[in-house]
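Protein chains in written order, with my numbering: chain A, 1 to 121; chain B, 1001 to 1207. Read the structure below first, then the notes.
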Amino acid sequence: MFTRFEEFAASSMLGQQDSPPRSQGRLHFSQDWQRSLFGLALALSKEGHFEWEAFRQNLIGSIAHWEQLPCGEQPSWDYYERFLEALLKVLEAHSLLDAHELEQRLTAFSYLAGNTHTQLA
Amino acid sequence: MSKLFEYEKQREAASAAKVRALEALLIEKGVIGSDSVDTVLGHFETVAGPFNGARIVARAWVDAEYKARLLADTPKAIAELNLAQGMDGAEGEHMLAVANSPQVHNLIICTLCSCYPWPILGLPPYWYKDPVFRARGVREPRAVLREFGVPVSEDVEVAVWDSSAQIRWFVVPERPAGSDHLSEEQLAALVTPESMMGVALVHLPAA
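Here's what the structure looks like:
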């Protein structure tokens, strides 16, 4: 029995289709955004915004979808890209965020990045 | 640079931007706090993980009396080290340490479930839940150890310990020869989770 949500959540994935990459007893993130993403999903569920199992089922679905893509259309395997897709779905399903809001924010980010670039140039 | 490589970089950058935007939006909307992400990750990074086991083993290597206390009453000896609070939750209860020696090599398996002392070993490797590993670990532990690159000679006893919800075992591996000059902290850096499961030995880094 796990008394800590973090351990319950990670444990429920181990040995399953959605098992996260790990190395030497630790979660393995090859990029910072992967670490933030894992933490976001965990924090959201820990704070009660959705059941961890609901997220996991989305993740398993996203992985299955990737597996079924024809080779020519299949992007190379990236666990955390599937993880991101699953988290966006669960956020939308729970009315926590819609795709439009995220798109708007991304546009604002690229606008800011463009401005910074102009200032530096 | 190949087009494919360029494409992978763009994918990474797009995912990174999305996650950054997502986190910022959720914090702004008050869905999560600004420190929520670091708090949950902190559990794996600083509270419960193989770094705790490594500290316990390194202390046992430098202090024979501590080692004796660890083998006699494991939870009490672990408590002496003032490890992070929260690492002694349910998964850390009923832990028992067994020490490797020239006479005995210990192997930890779990035949019924995946009871694993997370607070000191961290996340179990993918093969730990594999029924083949569990079954062969009981039936032919020497063959399994050989495949892990740990040949155990016939005159050394192999002891197999079955972790359960009642007792969660871990191994105090043998201190590597020629490590007398290393500090306790340097020694801890050599200890891997696999060595504390008995499927690896601890080696000095190649000079």
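C-beta: ideal position from N, C-alpha, C; glycine also.
Margin query: Below 8 angstroms on the Cβ atoms is my contact criterion, and I expect residue 86 (chain A) with residue 38 (chain A) to pass it. Report the Cβ-Cβ distance as a whole number of Å.
Written below: Indexing the first sequence from 1 puts residue 86 (chain A) at position 86. Indexing the first sequence from 1 puts residue 38 (chain A) at position 38. Incorrect: roughly 12 angstroms between the Cβ atoms, too far for contact.
Notebook entry, point to check: Secondary structure at residue 1032 (chain B), three-state DSSP: helix, strand or coil?
Noted result: Counting from 1 along the second sequence, the entry for residue 1032 (chain B) is found at position 32. Of the three classes helix, strand and coil, the one that applies to residue 1032 (chain B) here is coil, per DSSP.
Check: For residue 1173 (chain B), does the count of other Cβ atoms within 10 angstroms reach 16, so buried, or fall short, so exposed?
Finding: Numbered from 1 along the second sequence, position 173 holds the residue referred to as residue 1173 (chain B). Buried, because 16 or more other Cβ atoms sit within 10 Å of the Cβ of residue 1173 (chain B).
Notebook entry, point to check: residue 46 (chain A) touches chain B at which residues, Cβ-Cβ below 7 angstroms?
Noted result: The count along the first sequence starts at 1 and reaches residue 46 (chain A) at position 46. Residues of chain B passing the Cβ test: 1040.
Check: Any residues in the segment 1148-1171 of chain B with a beta carbon nearer than 7 angstroms to a beta carbon of chain A? Which ones, in chain order?
Finding: Answer in chain order: no residues at all.
Notebook entry, point to check: Going by DSSP, which residues form a beta bridge with residue 1105 (chain B)?
Noted result: Position 105 of the second sequence, counted from the start, is the residue given in the question as residue 1105 (chain B). In the DSSP output, where bridge partners are listed per residue, residue 1105 (chain B) has B:1158.
Check: What residues in its chain sit with their C-beta under 7 angstroms from that of residue 17 (chain A), if we drop five residues either side in the sequence?
Finding: Locating residue 17 (chain A) in the first sequence gives position 17, where the first residue counts as 1. Taking residue 17 (chain A) as the centre and dropping the five residues before and after it, the same chain places the C-beta of 60, 63 closer than 7 angstroms to its C-beta, in chain order.
Next item on the list: Return no unless some Cβ of chain A is closer than 8 angstroms to the Cβ of residue 1001 (chain B).
Entry: Stepping through the second sequence from its first residue, residue 1001 (chain B) is reached at position 1. Residue confidence is low: residue 1001 (chain B) scores 48 on pLDDT, short of 50, so the model does not pin down where it sits. Its coordinate-derived value is still stated next. False, the Cβ-Cβ gap to chain A never drops below 8 angstroms.
Notebook entry, point to check: What residues are listed by DSSP as bridge partners for residue 1096 (chain B)?
Noted result: Looking up residue 1096 (chain B) in the second sequence gives position 96. Per DSSP, B:1169.
Checklist line | Rounded separation between residue 1063 (chain B) and residue 1187 (chain B) - CA only | finding: Counted from its first residue, the second sequence places residue 1063 (chain B) at position 63. Counted from its first residue, the second sequence places residue 1187 (chain B) at position 187. Approximately 12 angstroms, taken between the alpha carbons.
Check: How is the alpha helix (DSSP H) around residue 1186 (chain B) delimited, first residue to last?
Finding: One-based indexing of the second sequence puts residue 1186 (chain B) at position 186. 1184-1188 is the extent of the alpha helix (DSSP H) around residue 1186 (chain B).
Item checked: Where the alpha helix (DSSP H) containing residue 34 (chain A) begins and where it ends -> The count along the first sequence starts at 1 and reaches residue 34 (chain A) at position 34. Run containing residue 34 (chain A): 32-46, per the alpha helix (DSSP H) assignment.
Check: Alpha carbon to alpha carbon, what distance is there between residue 1007 (chain B) and residue 109 (chain A)?
Finding: The residue labelled residue 109 (chain A) in the question sits at position 109 within the first sequence. The residue labelled residue 1007 (chain B) in the question sits at position 7 within the second sequence. Answer to the nearest angstrom: the Cα atoms are 20 angstroms apart.
Check: Going along chain A, which residues have a C-beta under 9 angstroms from residue 1017 (chain B)?
Finding: Taking the first residue of the second sequence as 1, we reach residue 1017 (chain B) at position 17. One finds 33, 106, 109, 110, 113 in chain A with Cβ atoms closer than 9 angstroms to the Cβ of residue 1017 (chain B), taken in chain order.
Note to self: List, in chain order, every chain B residue whose beta-carbon is nearer than 9 angstroms to that of residue 15 (chain A).
What the structure shows: As a working mapping, residue 15 (chain A) is identified with position 15 in the first sequence. Ordered by position in chain B, the residues that pass the 9 angstroms Cβ test against residue 15 (chain A) are 1114, 1124, 1126, 1128, 1129, 1130.
Check: residue 75 (chain A) versus chain B: which residues are under 8 angstroms apart at the beta carbon?
Finding: Against the first sequence, residue 75 (chain A) aligns to sequence position 75. Simply 1011.
Next item on the list: Under 7 angstroms between beta-carbons, which chain A residues line up against residue 1036 (chain B)? List them in chain order, please.
Entry: Counted from its first residue, the second sequence places residue 1036 (chain B) at position 36. Chain A residues near residue 1036 (chain B): 43, 47.
Checklist line | Proximal residues of chain A, C-beta to C-beta of residue 1032 (chain B) below 7 angstroms | finding: Against the second sequence, residue 1032 (chain B) aligns to sequence position 32. Contact annotation for residue 1032 (chain B) against chain A: 43, 44, 47 [CB-CB distance below 7 angstroms, chain order].
Checklist line | Alpha-carbon to alpha-carbon, residue 1107 (chain B) and residue 1146 (chain B) | finding: As a first step, residue 1146 (chain B) must be located in the second sequence, where it is residue number 146. As a first step, residue 1107 (chain B) must be located in the second sequence, where it is residue number 107. Spanning the two alpha carbons is a distance of roughly 12 angstroms.
Margin query: Short of 7 angstroms Cβ to Cβ, which residues in the segment 1188-1199 of chain B face chain A?
Written below: Residues 1192, 1193.
Check: Do residue 1150 (chain B) and residue 43 (chain A) come within 8 angstroms of each other at the CB atom, strictly closer than that value?
Finding: To locate residue 43 (chain A), count along the first sequence from 1; it is residue 43. To locate residue 1150 (chain B), count along the second sequence from 1; it is residue 150. Not a contact, by the Cβ cut-off of 8 angstroms.
Notebook entry, point to check: If we cut at 8 angstroms on Cβ distances, does residue 1121 (chain B) have a partner in chain A?
Noted result: To locate residue 1121 (chain B), count along the second sequence from 1; it is residue 121. Closer than 8 angstroms to the CB of residue 1121 (chain B) there is at least one CB belonging to chain A.
Notebook entry, point to check: Just reading off the alpha helix (DSSP H) that residue 961 (chain B) is part of, what are its end residues?
Noted result: Residue 961 (chain B) falls outside the range modelled here, since chain B spans only 1001 to 1207, and no answer is possible.
Checklist line | Spatial distance of residue 33 (chain A) from residue 20 (chain A) (CA atoms) | finding: The sequence position of residue 33 (chain A) within the first sequence is 33, counting from 1. The sequence position of residue 20 (chain A) within the first sequence is 20, counting from 1. So the alpha carbons of these two residues sit roughly 15 angstroms apart.
Checklist line | residue 27 (chain A), DSSP secondary structure in three states | finding: Locating residue 27 (chain A) in the first sequence gives position 27, counting from the first residue. Residue state, collapsed to three classes: strand.
Item checked: Start and end residues, alpha helix (DSSP H) containing residue 1127 (chain B) -> Looking up residue 1127 (chain B) in the second sequence gives position 127. Boundaries cannot be given for residue 1127 (chain B), as no alpha helix (DSSP H) includes it and DSSP labels it neither H nor E.
Check: Roughly how many angstroms separate the alpha carbons of residue 1198 (chain B) and residue 28 (chain A), rounded to a whole number?
Finding: Here residue 1198 (chain B) refers to the residue found at position 198 of the second sequence. Here residue 28 (chain A) refers to the residue found at position 28 of the first sequence. Residue 1198 (chain B) and residue 28 (chain A): Cα-Cα distance of roughly 22 angstroms.
Check: Leaving out the 5 sequence neighbours to the left and right, which residues in its chain are closer than 6 angstroms to residue 1031 (chain B) when beta-carbon positions are compared?
Finding: On the second sequence, residue 1031 (chain B) is found 31 positions in, with the first residue counted as 1. In its own chain, leaving out the 5 sequence neighbours on each side, no residue places its CB closer than 6 angstroms to the CB of residue 1031 (chain B).
Notebook entry, point to check: Between which two residues does the alpha helix (DSSP H) carrying residue 1205 (chain B) extend?
Noted result: As a first step, residue 1205 (chain B) must be located in the second sequence, where it is residue number 205. Boundaries cannot be given for residue 1205 (chain B), as no alpha helix (DSSP H) includes it and DSSP labels it neither H nor E.
Check: Any beta-carbon of chain A closer than 8 angstroms to the one on residue 1043 (chain B)?
Finding: Stepping through the second sequence from its first residue, residue 1043 (chain B) is reached at position 43. At least one chain A Cβ lies under 8 angstroms of residue 1043 (chain B).
Next item on the list: Say whether chain B places a C-beta atom closer than 8 angstroms to the C-beta of residue 69 (chain A).
Entry: Reading the first sequence from its first residue, position 69 is the one you call residue 69 (chain A). So no, residue 69 (chain A) is outside the interface.
Notebook entry, point to check: With a Cβ-Cβ cutoff of 8 angstroms, do residue 1023 (chain B) and residue 91 (chain A) count as a contact?
Noted result: Looking up residue 1023 (chain B) in the second sequence gives position 23. Looking up residue 91 (chain A) in the first sequence gives position 91. Between residue 1023 (chain B) and residue 91 (chain A), the CB-CB gap reaches or exceeds 8 angstroms.
Next item on the list: Return the first residue and the last residue of the alpha helix (DSSP H) that residue 1118 (chain B) is part of.
Entry: What you label residue 1118 (chain B) is simply residue 118 of the second sequence in a count that begins at 1. That run of the alpha helix (DSSP H) goes 1118-1121.
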